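Asker: Dropping the structure in here first, questions after.
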Amino acid sequence: MARLLGIDYGRKRCGVAVTDVLQIVPGALCTVLTHQLPEFIKDYLAKEDVEAVVVGLPVQTNGEPSENQDRVLQFSRWFRRQFPNVPLHFYDERFTSKLAQQAMIQSGIGRMRRRDKALVDEISACIILQDFMAARK
């Protein structure tokens with residue numbers, strides 16, 4: 016088996032999460048500046064065996080596309096051109112930032128650390144990946 020890679024794509028930075036090779040447990044990997052994400056993806060896929068990539072699809076609560084959706088779709092077109100043999104899936108990312116904040120509170124992370132947007136992005140990517148895996152079963 017190979018890993019699944021999850022991405023919470025943002026305007027400034029992207030949270031990245033990955034599963035173990037057996038695809039049992041997702042974990043936060045890192046946060047990457049958005050303009051550096053293509054190079055990060057190329058390097059990561061050259062080093063690791065990745066079965067598929069899951070990208071959070073930003074949708075508003077009323078079902079309408081969010082302002083970031085165009086950027087996510089543009090990234091997905093780039094990804095599919097660069098890596099045609101790696102499946103790319105979208106997963107609804109509504110409420111992942113709020114869930115990430117709640118997870119941080121429940122885990123006892125201090126108030127100042129919870130303000131770290133990069134950490135929120137990493138945890139959001141992990142939630143997207145975890146939810147995708149649960150929906151697949």
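No gaps in the numbering here: position 68 of the sequence shown is 83 in the numbering used here, and each next residue is one more.
Think of the CB as a built atom: it goes at the ideal place given N, C-alpha and C, for glycine as much as any other residue.
What you are looking at is a predicted structure, and each value in this text was computed from that prediction instead of being measured.
Sort R86, V74, Y59, D58 by Cα distance to T49 and report the nearest one.
Answerer: If we check each option's Cα against that of T49, R86 comes out closest.
Asker: Taking V87 as part of the alpha helix (DSSP H), name the residues at either end of that continuous run.
Answerer: First-last of the alpha helix (DSSP H) with V87: 84 to 97.
Asker: Count the CB pairs spanning the region 100 to 107 and the region 67 to 75 that are closer than 8 Å, and state whether there are at least three.
Answerer: Flag = yes, the region 100 to 107 and the region 67 to 75 touch.
Asker: Sort V33, R26, K27 by Cα distance to Y59 and report the nearest one.
Answerer: Taking only the C-alpha atoms, the option nearest Y59 is V33.
Asker: Please report how far the alpha carbon of Q145 lies from the alpha carbon of R151, in whole angstroms.
Answerer: In a straight line, the C-alpha of Q145 is about 10 Å away from that of R151.
Asker: Under three-state DSSP, which class holds V69?
Answerer: Here V69 sits in strand by DSSP.
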